[in-house]
Ligand SMILES: [Zn+2]
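Residue numbers (my numbering): 1 to 273.
Printed below as a string of C-alpha cells:
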C-alpha cells in the first residue's frame, strides 16, 4: 500500500445520497485510512428522462428571457425605453449582462440534459449537431441582432458609447458561444453502447470529461479524489468518453469497444484528469 493517498468518493443521487456518501467517507477514514470512497448512484432511465425534460424546459425559459433582455437593450438603443436615472449606455450594458447570464445558465443546463437523455444520431446527423450545439446557436440569436443594430444605428449613441456597447456585446457573444458549445457531445447510441458493454463500475475525477475503466489507470495517479459509479452515472455527470489509455487496455483484454465514445489522441490524456 505505497500508493499516494487518494480519496474515492462514492456518491448517490440526491439528498439521501449525500448522507450515505458522508457515511462512506467516515467509514473509509476509520477503517482503511488510505482511501475514501465517493460512490455515485445510477438514475433509472425514467429518472434520467424526467430530469432532462425539466432541465430542457428551464433552458428554454432562460433563453426566452435572454432574448427579452436583448429586446430591452434594443429598446434602450432606440430610446423607446428611457429611465431618467439610468444613462442609455448603462441600460444597454445591464441588459447585455443579464442576457449573458440567462444564456450561460441555459447553455449549461441544456448540455447537462444532453448527457442525461442524449439525442439520437443515426440518420439525423444535422439534427444531432443542431440540438447538441443549440447553446451556440442561441448565443448567436441572443447577441448578433443587437450587435448589428448597434453598428448600423446612426446618432442613437455617441461614438464612445457605441464602441463600448459593441465591444461588451461581442465579448458576451464569444463567452456565451464558447461556454454554450458542447465539445464532447454524446449520442443516445453511444451511451447505449457504453452501457451495454461496460457493465463494471467506472472512475472519474472532479474535473474533465472522461471516465476510466481501471482504478489504477496511469492518468489517475495524481488524482486524490475519485468518483466511482456505473458508466451511466459517469455519462450523466458529464463524462461522455472513455479515457484513451483505458480504452486501449480494455481492447487488449478483448473488450469490444465498438460504438463507444473514446477520447481522441493521447495529448489530452497525458495532461491527466
Ligand atoms: Zn484511464
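Beta carbons: idealized from backbone N, C-alpha and C, even for Gly.
All values derive from a computational prediction rather than experimental measurement.
Can you give me the start and stop residues for the alpha helix (DSSP H) that residue i sits inside?
i	result
residue 320	Residue coverage of the chain in this structure runs from 1 to 273, which leaves residue 320 outside it and unanswerable.
residue 162	159-180
Rounded to the nearest angstrom, what separates residue i and residue j at their Cα positions?
i	j	result
residue 224	residue 49	32 Å
residue 176	residue 182	12 Å
residue 104	residue 240	21 Å
residue 146	residue 122	36 Å
residue 57	residue 168	28 Å
residue 62	residue 102	5 Å
residue 210	residue 95	36 Å
residue 120	residue 189	6 Å
When the Cα of residue i is compared with those of the options, which residue comes out closest?
i	options	result
residue 150	113, 61 and 76	76
residue 152	165, 187 and 142	165
residue 173	130, 98, 229 and 82	98
residue 67	218, 100 and 190	100
residue 117	156, 187 and 195	187
residue 40	125, 205, 250 and 108	205
residue 185	60, 129, 227 and 63	129
residue 250	73, 216 and 171	216
residue 134	106, 244 and 155	106
residue 154	233, 79, 136 and 132	79
For residue i, which of helix, strand or coil comes out of DSSP?
i	result
residue 148	helix
residue 212	strand
residue 199	coil
residue 100	helix
residue 28	The predicted model places residue 28 with a pLDDT of 42, which falls under 50 and marks its position as unreliable, so this point remains unresolved.
residue 225	strand
residue 255	coil
residue 86	strand
residue 22	Reliability of the predicted coordinates at residue 22 is poor, the pLDDT of 41 falling under 50, and no value is obtained from them.
residue 39	strand
residue 241	strand
Span of the beta strand (DSSP E) holding residue i?
i	result
residue 68	First-last for residue 68: 45-77, but that is the alpha helix (DSSP H), not the beta strand (DSSP E).
* To do: Could you tell me whether the region 199-215 touches the region 160-172, using the rule of 3 or more Cβ pairs below 8 Å?
  => Because the criterion of three Cβ pairs below 8 Å is not met, the region 199-215 and the region 160-172 do not touch.
* Asked: Touching or not, the region 126-144 and the region 80-88, by the rule of three or more beta carbon pairs under 8 Å?
  -> Judged by Cβ distances under 8 Å, the region 126-144 makes no contact with the region 80-88, as fewer than three pairs qualify.
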